[in-house]
Every structure is written in structure tokens, then in C-alpha cells.
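K.L.:
Just so we're aligned, residue 30 is where the sequence shown starts under the numbering used here, counting upward by one.
For glycine and all other residues, C-beta sits at the position ideal for the given N, C-alpha and C.
Owing to the predicted nature of the structure, the values given are computational and were not obtained by experimental measurement.
Just dropping this structure here.
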Amino acid sequence: MSVPCRSCGRTLVCVDIKTDGRTVTMRSCTRCDRREWLLDGEPTDPIEAFANQ
Ligand SMILES: [Zn+2]
């Protein structure tokens with residue numbers, strides 16, 4: 030799945046991290062140095078995503 034950056038349109042780099050049966054996805058733009066996090070495909074805060082371990 031390729032997702033374009035909302036700022037520059039560049040394809041974001043996706044990294045899936047499996048944690049406690051859930052998948053946390055980090056998407057980052059190498060150009061803007063932007064990062065966004067998703068938990069099971071929904072936007073999330075990384076602090077929340079890793080909080081309940
Ligand atoms: Zn960008």
C-alpha cells in the first residue's frame with residue numbers, strides 16, 4: 030500500500046510494528062521528515078499505541 034505525503038506528494042515509507050497482537054504502522058516522509066502513526070489502520074498517537082502493553 031503506498032500513501033502519498035499530504036505536504037509534498039512523495040510516497041511515504043511505511044513500517045509495520047507488531048505489538049501485542051496489534052499492528053502499529055509508522056509512515057514517514059523522507060523529504061518533510063513528517064511522521065504519522067496508525068493503529069490497525071486508524072490514525073493514532075504513538076504514545077497511546079504503545080501505552081497498553
Ligand atoms: Zn512530504
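Hey, would you say V32 sits closer than 8 Å to T59, going by beta carbons?
P.N.:
No, Cβ-Cβ distance for V32 and T59 is not below 8 Å.
K.L.:
Quick one: measure Cβ to Cβ for M55 and R64, integer angstroms, because I've assumed they're closer than 8 Å.
P.N.:
That pair is a contact at about 6 Å.
K.L.:
By Cβ distance below 7 Å, which residues in the same chain neighbour R51 in space, the five residues on each side in sequence not counted?
P.N.:
The residues are L68 and D69.
K.L.:
Which residues bound the beta strand (DSSP E) around P72?
P.N.:
E71 to T73 is the extent of the beta strand (DSSP E) around P72.
K.L.:
Does the distance between the C-beta of S31 and the nearest non-hydrogen atom of ligand 1 fall short of 7 Å?
P.N.:
No, since every heavy atom of ligand 1 falls outside the 7 Å radius drawn around the Cβ of S31.
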